[in-house]
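Going by the numbering used here, the sequence shown opens with residue 17, and the numbers climb by one from there.
In this text, a Cβ means the ideal position worked out from N, Cα and C, and glycines have one as well.
No experiment lies behind these values; they were computed from the predicted model shown.
The structure under discussion appears below in the form of structure tokens.
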Amino acid sequence: MSTRFDDLRSAVRRRSRLLAMPVDAAARSVRPVALFITCSDSRIVPGAITATTPGELCELRSIGCRIPTFDATCPSAEAATVEYAIRHLGVRHVIVCGHSDCDALAGKVLPELPATADWLAGQVADGVPEDALAATIDRAPLPLQSDYGPDGVRFVGPRTTVRGAGRHRAGYGHVLHQLGALRTHPAIADGLATGRVELHGWYYDLTEGSVTTYDAGVGAFVPL
């Protein structure tokens, strides 16, 4: 009986010629349009969301789409990927894309997954500096709201047309938190200071297939 993995291998064999790049294209310098940071959830397909082709996106994925704050004494794959994308590949746009129905964000982590639980617990321990989060939200002093409640952070404003805002509130807050964490990374901080890097907060609604983006001008997630 054919298994799903057998089907997967067969599909790869059938598509090998389609996947092959021309020699000149394969040898060409890689210059992605953006660094796309998102969750490792298998339902998220960055290339499909952005309609990009191989070579146009540099991707960074982790469970819960978590970005640790920078720590020079504790190397991480996230810090290395961010640095490589910005300083070596010359990426200008950095996108953090959260999504709806995220089990990790909803706390649906089983007790028999200690490594996963520790990783997600680090989200709280990171303690994104208040000034980094404030700069992400509206460039004004703002206390860090661990529960992303309505006090202090206005996730959906009166000028938006985002539906189902209530159920997305935690997801919106999570994206902003990751943007704040990114600001602690030297490559990002330097890029922002010189105008060579731009940060974008996106949120992908799995049910509707829609993407919203954080607009600091109105303090809200608005249709992309």
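Counting only residues of its own chain and dropping the five nearest sequence neighbours on each side, Ser92 has a CB closer than 6 Å to the CB of Pro84. Considering only Trp135, Val110, His184 and Asp117, the residue with the shortest C-alpha distance to Leu195 is Val110. Straight through space, the alpha carbons of Gly71 and Leu34 are spaced by roughly 15 Å. Per DSSP, reduced to three states, the secondary structure at Ile111 is strand.
Residues Leu76, Ser78, Ile83 and Pro84 of the same chain have their beta carbon placed closer than 7 Å to that of Glu94, with the five preceding and five following residues left out of the count. Distances from the alpha-carbon of Ala120 to those of His190, Val238 and Thr66 put His190 closest. Annotated three-state conformation of Leu105 is coil, per DSSP.
Looking only at Gly207, Arg29 and Tyr219, the smallest Cα-Cα distance to Ala186 is reached by Tyr219. Rounded to whole angstroms, the gap between the alpha carbons of Thr210 and Cys74 is 21 Å. Under the DSSP assignment, Gly63 falls in the alpha helix (DSSP H) whose first and last residues are Pro62 to Thr66. Here Leu215 has Val110 and Leu195 as same chain residues with Cβ atoms under 6 Å from its own Cβ, once five neighbours each way along the sequence are excluded.
Relative to the Cα of Tyr188, the nearest Cα in the group Arg212, Val227, Arg29 and Gly63 belongs to Val227. Between Arg47 and the set Ile60, Val107 and Tyr100, the nearest pair of CA atoms involves Val107.
For Leu136 and Leu24, the gap between their C-alpha atoms comes out near 31 Å. Leu129 carries a coil assignment under DSSP once its states are collapsed to helix, strand and coil.
In the DSSP assignment, Ser78 falls outside any alpha helix (DSSP H) and within the unbroken beta strand (DSSP E) covering Leu73 to Ser78.
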